[in-house]
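In case it helps, the working numbering puts the sequence shown at residues 1492 to 1608. Idealized CB from N, CA, C, for every residue including glycine. Please read the structure below before turning to the comments.
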Amino acid sequence: MEDKIVVNKITKLLATVMIVLGILITLTPLCLFGYYNYNVYTLKKETYGYLSNRGYEENEIKKIEVVNVKGPLLSSMVEFVDEPNVVYWYDKKDGEIVQIGIYESNDDYETKFKHVE
């Protein structure tokens, strides 16, 4: 009789542990995915805010795309309407958005960039 009670307790304990592990295994990737998307959204919004504070209007910005550069590091790629073949890279350093580089895709290195800081 006592053996059945002990077996039942062990079975309930194992079932509880398995359920908790299953929930953790399911929720961990969902939480990481949500955290990543939140960071992408935040950086995109902060980059747009930074450009707005610098005097750019919404219709001057063709697109802002956030990319995963290396590991957990995210950067913003900004393309302006008046320079469709030039991508300006922005990053967040010490809590501030800063321009870190320029990528030009048309091989015209004599071009004077319009949005260099």
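Under the three-pair Cβ rule at 8 Å, the stretch 1549–1567 counts as touching the stretch 1575–1590. Unbroken alpha helix (DSSP H) runs of no fewer than 4 residues, entirely contained in the stretch 1517–1545, are not found.
Contact check for Lys1584 and Leu1534: beta-carbon distance about 12 Å, past the 8 Å limit, so the pair fails to qualify. In chain order, Trp1580 place their CB closer than 6 Å to the CB of Gly1592, counting only its own chain and leaving out the 5 sequence neighbours on each side.
Counting the other CB atoms within 10 Å of its CB gives Leu1504 a total below 16, which places it among the exposed residues.
Glu1548 is positioned such that its CB atom lies no closer than 8 Å to that of Ile1588.
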